[in-house]
Amino acid sequence: MKKSLRIFLMFTMVCSIILQTNNIIRAQEVPSNVITSAKITDESGKPFAEGVTIGPWQAFRIYAEYALPDHMVHAGDTTTMILPIGFGTAAPDHFEIKDGDNLIATGTLYNEKPGKIVLTYTKYAEEHSGTHGSFYFNVNVNGEEQSQSGKIPVTLTVNGKVIPAGEVNYKKPQWVNQPLRKGGWMLDDKTRGKYDIRINESNNVLVNAKLVDTLESPSVEYVKGSIKILQGKWQNLGSTEVLKQQKDVTEKFKSENRIKFEGNRLTIDIGNLPKEVETRGFQILYEVKLNYEPLAGEEIHNKVDLTTDGSDSHQSNFYKIRDAGGVGEGYVYKIKIKKTGKDGAPLAGAEFDVIRVRNKQKVGTIKSGADGTGELGKLLLDDYNLVETKAPAGHMPLKDPILIKSSDFGSNKIAERKIENKKISKIDINGEKTWDDANNQDGKRPDRIRVNLFANQQPIQNVEVRPDVNGKWKYSFKDLPEYDNEGHKITYTITEDTISGYTSKVEGYNIKNSYTPEKTSISVTKKWDDANDQDGKRPTTIKVQLYAGGVKSGPEVELSKDNGWTYTWNGLDKNKDGKPIKYTVDEVSALPSGYIKAVDDSDPNKVVITNSRQVEKINICGKKTWDDNNNQDGKRPTQITVNLLKNGTKFKSVTVKAD
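The sequence shown begins at 1 in the UniProt record's numbering and counts up one residue at a time.
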């Protein structure tokens, strides 16, 4: 029983293996008639113009038409296309053939001898009928294998069938030694590129040599770890060159700090290479990384400068992003605008920066002409922002960028957009001039002033202002733009021309001018000419009055011994109605008996009032007598002096002699 079971199980397994083997479909080459035709174009997909030549390693395209036979192609099947000897494949090394979002096949390029392109089909091919279409890939002429110039046929060989694609006009270069040479190309990953710098191909002596390399395209950076510096001696082979006796000196340069990366700039200090050094040539290789997904046909720009004590050399270079499997046409698209007002009238003078969204690069400027239109061509099929940097005169600029999507480009490869601008609103500025100068007491106020208007601190207008019939000094500025051409609100300010003696204060758009009128002071002093009140007739007080222009000014003032018979009026207005005020002072109390008044105003600010009185007079007579027995002894003098005392004080003296 067990033996029978084992035999049954073995039979079942064998049957199963046989059944499974019958279900296996091996991948195979599809028939040669899959590729129905081929043609060549330049790198951008355009036919070669008559007389145009290509050089070694210069990429061009092969377009191929295909048609898959129904029910014969399975997932994993392949089509292999072989290039002629002397041609090689160019990046990218992989591409896809799609029907919408469905993947039909993948393409792989093998840069072998000969070069070949292999299509590998997906399950889509076996599940659909009538599958056909086109694809393209990049190839070049191998400069080491093609030794002659002239027209070279380009073909694809598929399963022994030769499919002609056209002829390229190849020009073999004559290699001329240069002090500086640079080339660049895209790697298989189109976000990566590689540059080759060649220095001193003539092997000259170098003194203080320095290389400065600059990445000019935005959002591109050096892959610092990729740099490689080779030193050797360049040998010219006629159509190319080779660096002989080469030695990798990268680590030596690094250890000596002779390599410096600074943002988008690479500096290499090459230094001195005298004639005693046999190998004075260099090859510098490095890679770059794009921080975005580039489009086919896009140019990645770069420049390099070599300075020595003997001479300077400069090279500019770019490489193009190449694609395969689709139809990328490069810089052939255009944006066209029509600038109008709200009323539809064309507006000239608008300016837009065109910014590529993918890498934020400004790719050009659009300006609107008299008909309101403007355009920018040679664009990639991509998304762009239009940023208005200058609005038409009298119109508000746009605050937000205008997005142009890649889907906005029509079959004519033009994206058109009508753009409207609002007019800038207008405002009036009104102000009034007021005076704080005691109603022009000193006559300093001018009969006119000048008010200046500033917009964002820049003078734009001025106006002469006079008083109106009501004595008001009003002014205005009409129809002023509220916003500038960049959409920012304009700040308006005013000033006035300086007025001598006045201070100016601006409040909003009103101006107040202040002037402190001149003041003066008047003093009065009472003097007495009465022999120091000998007769006791002087009063103890008197009253004086100040007059301004003959009119009483203020109350009467009392003068007495207590205030030194003097008084000063301070803070008096010096002028009235622009003319000096004549101040006078007079004594207004009744004169004491016997006094007369005299006013001295020779100094109008120091008035002196003198009251005079004649004092009463008396005569004093006397006689000198002698009691000396008639001068018996002869002692009597011939004369004597008699002193008159006034209140006990010697007052006068007189000499007396005998008559």
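Even glycine gets a Cβ: it sits at the ideal position worked out from N, Cα and C.
For this session: Using only alpha-carbon positions, find the residue among ALA455, LEU230, THR240, THR625 that is nearest to LYS247.
Result: Translated into the one-based positions of the sequence shown, residue 247 becomes position 247. Per the Cα distances, LEU230.
Problem set entry | Counterpart residues of ILE640 in DSSP-defined beta bridges | Within the sequence shown, residue 640 is the residue found at index 640, counting from 1. In the DSSP output, where bridge partners are listed per residue, ILE640 has VAL656.
For this session: Output the distance between the C-alpha atoms of ARG265 and TYR110, rounded to the nearest integer angstrom.
Result: For the purposes of this step, residue 265 is identified with residue 265 of the sequence shown, where counting begins at 1. For the purposes of this step, residue 110 is identified with residue 110 of the sequence shown, where counting begins at 1. Near 35 Å, if we compare the C-alpha coordinates of TYR110 and ARG265.
Problem set entry | Residue from ALA345, THR389, GLY349 whose Cα sits closest to the Cα of LYS362 | The residue you call residue 362 lines up with position 362 of the sequence shown. Of ALA345, THR389, GLY349, the residue nearest in Cα terms is THR389.
For this session: State the CB to CB distance for the pair VAL585 and VAL607, rounded to an integer number of angstroms; the pair is presumed to be in contact (CB under 8 Å).
Result: Position 585 of the sequence shown, counting from 1, holds the residue named residue 585. Position 607 of the sequence shown, counting from 1, holds the residue named residue 607. With a Cβ gap of about 4 Å, VAL585 and VAL607 count as contacting.
Exercise. Is it the case that the Cβ atoms of VAL176 and PRO56 are separated by a distance below 7 Å?
Worked result: Sequence index remark: in the sequence shown, residue 176 carries index 176 (1-based). Sequence index remark: in the sequence shown, residue 56 carries index 56 (1-based). Contact: no.
Exercise. If we count the other Cβ atoms within 10 Å of its Cβ and call it buried at 16 or more, is ARG448 buried or exposed?
Worked result: Here residue 448 refers to the residue found at position 448 of the sequence shown. So ARG448 ends up on the exposed side.
Problem set entry | 7 Å CB neighbourhood of GLU167 in its chain, flanking five on each side removed | As a first step, residue 167 is located in the sequence shown; it is residue number 167 there, counting from the start. Once the five neighbours on either side are set aside, the close Cβ partners of GLU167 are LYS151, ILE152, PRO153, VAL154.
For this session: Would you mind sorting ASP442 into buried or exposed? The rule is 16 or more other CB atoms within 10 Å of its CB.
Result: Here residue 442 corresponds to residue number 442 of the sequence shown, with the count starting at 1. Label assigned to ASP442: buried.
Exercise. What are the boundary residues of the alpha helix (DSSP H) that SER255 is part of?
Worked result: Here residue 255 is taken as the residue at index 255 of the sequence shown, counted from 1. That run of the alpha helix (DSSP H) goes 250 to 255.
Problem set entry | Start-to-end residues for the alpha helix (DSSP H) that takes in GLU126 | Reading the sequence shown from its first residue, position 126 is the one you call residue 126. GLU126 -> alpha helix (DSSP H) spans 123 to 127.
Problem set entry | Separation of ALA64 from LYS338, as counted between CA atoms | As a position in the sequence shown, residue 338 is number 338, starting the count at 1. As a position in the sequence shown, residue 64 is number 64, starting the count at 1. In a straight line, the C-alpha of LYS338 is about 40 Å away from that of ALA64.
Exercise. Run through DSSP, which three-state label would GLY648 get?
Worked result: Counted from its first residue, the sequence shown places residue 648 at position 648. Looking at GLY648 - three-state DSSP - the assignment turns out to be coil, as it is neither helix nor strand.
Exercise. Taking the beta strand (DSSP E) that GLU518 falls in, what are its first and last residues?
Worked result: Looking up residue 518 in the sequence shown gives position 518. First-last for GLU518: undefined, no H or E at that position.
Exercise. Between the region 250 to 268 and the region 158 to 172, do three or more beta carbon pairs fall short of 8 Å?
Worked result: no
For this session: Inspect the beta-carbon positions of GLU464 and ARG450 and report whether they are closer than 7 Å.
Result: Residue 464 sits at position 464 when you count from the first residue of the sequence shown. Residue 450 sits at position 450 when you count from the first residue of the sequence shown. Result yes, Cβ atoms of GLU464 and ARG450 sit closer than 7 Å.
Problem set entry | Three-state secondary structure assigned by DSSP to LYS390 | Taking the sequence shown and counting its residues from 1, the one referred to as residue 390 is at position 390. LYS390: strand per DSSP, three-state reduction.
Problem set entry | Residues of its chain near LEU559, where Cβ-Cβ distance is below 8 Å and the 5 sequence neighbours each way are ignored | Your numbering for residue 559 matches position 559 in the sequence shown. Within the same chain, LEU559 has close Cβ partners VAL524, LYS526, THR541, ILE542, LYS543, VAL544, TRP565, THR566, TYR567.
For this session: Determine the DSSP secondary structure at LYS399, reduced to helix, strand or coil.
Result: Within the sequence shown, residue 399 is the residue found at index 399, counting from 1. Of the three classes helix, strand and coil, the one that applies to LYS399 here is coil, per DSSP.
Exercise. Whole beta strand (DSSP E) runs in the region 87 to 163 with 3 or more residues, listed along the chain?
Worked result: 87 to 90, 94 to 99, 102 to 110, 116 to 121, 132 to 141, 150 to 158
Problem set entry | Where VAL30 sits in the DSSP three-state scheme | The residue labelled residue 30 in the question sits at position 30 within the sequence shown. It is coil, neither helix nor strand.
Problem set entry | Supposed contact pair TYR170 and SER149 - C-beta distance, whole angstroms, cut 8 Å | Your numbering for residue 149 matches position 149 in the sequence shown. Your numbering for residue 170 matches position 170 in the sequence shown. At roughly 6 Å, the Cβ-Cβ gap stays under 8 Å, so SER149 and TYR170 are in contact.
Exercise. Which residue comes first and which comes last in the beta strand (DSSP E) that contains PHE48?
Worked result: Position 48 of the sequence shown holds residue 48. Where PHE48 is concerned, there is no enclosing beta strand (DSSP E), given that its DSSP letter is neither H nor E.
Exercise. Going by the CB atoms, is the gap between THR191 and LEU347 shorter than 7 Å?
Worked result: The residue you call residue 347 lines up with position 347 of the sequence shown. The residue you call residue 191 lines up with position 191 of the sequence shown. No. Outside cutoff.
For this session: Would you list the residues sitting across from MET81 in a DSSP beta bridge?
Result: Locating residue 81 in the sequence shown gives position 81, counting from the first residue. Answer is ILE117.
Problem set entry | Length of the line joining the Cα atoms of TYR502 and GLU432 | As a first step, residue 502 must be located in the sequence shown, where it is residue number 502. As a first step, residue 432 must be located in the sequence shown, where it is residue number 432. Whole-angstrom Cα-Cα distance: 16 Å.
Problem set entry | Pairwise C-alpha distance: THR122 and LYS3 | Indexing the sequence shown from 1 puts residue 3 at position 3. Indexing the sequence shown from 1 puts residue 122 at position 122. The predicted position of LYS3 is uncertain, since its pLDDT is 39 and thus under 50; no value can be drawn from it.
Problem set entry | Where SER612 sits in the DSSP three-state scheme | As a working note, residue 612 is residue 612 in the sequence shown. Looking at SER612 - three-state DSSP - the assignment turns out to be strand.
For this session: List the residues that DSSP assigns as beta-bridge partners of TRP569.
Result: Sequence index remark: in the sequence shown, residue 569 carries index 569 (1-based). In DSSP, TRP569 forms a bridge with ILE522.
Problem set entry | Inter-residue spacing [alpha-carbon to alpha-carbon] between SER514 and LEU572 | Here residue 514 is taken as the residue at index 514 of the sequence shown, counted from 1. Here residue 572 is taken as the residue at index 572 of the sequence shown, counted from 1. Between SER514 and LEU572, the C-alpha separation is close to 19 Å.
For this session: Taking all protein chains shown into account, decide if SER202 is buried (16 or more other Cβ within 10 angstroms of its Cβ) or exposed.
Result: Against the sequence shown, residue 202 aligns to sequence position 202. SER202 comes out exposed.
Problem set entry | Given GLU556 as reference, the closest of SER44, LEU546, GLU616, GLY550 once Cα atoms are compared | Within the sequence shown, residue 556 is the residue found at index 556, counting from 1. Comparing Cα-Cα distances from GLU556 to each of SER44, LEU546, GLU616, GLY550, the minimum goes to LEU546.
Exercise. Since PHE261 is in the beta strand (DSSP E), which residue starts that stretch and which ends it?
Worked result: For the purposes of this step, residue 261 is taken as residue 261 along the sequence shown, with counting starting at 1. Counting along the chain, the beta strand (DSSP E) containing PHE261 begins and ends at 259 to 262.
Problem set entry | Cα-Cα separation, PRO92 to ARG322 | The residue given as residue 92 occupies position 92 in the sequence shown. The residue given as residue 322 occupies position 322 in the sequence shown. C-alpha separation (whole angstroms): 7 Å.
For this session: Any chance you could list the beta strand (DSSP E) runs of at least 3 consecutive residues sitting entirely within the region 259 to 305, in chain order?
Result: 259 to 262, 265 to 273, 281 to 290
Problem set entry | Local conformation of ASN359 per DSSP, three classes | Here residue 359 refers to the residue found at position 359 when the sequence shown is read from its first residue. Looking at ASN359 - three-state DSSP - the assignment turns out to be coil, as it is neither helix nor strand.
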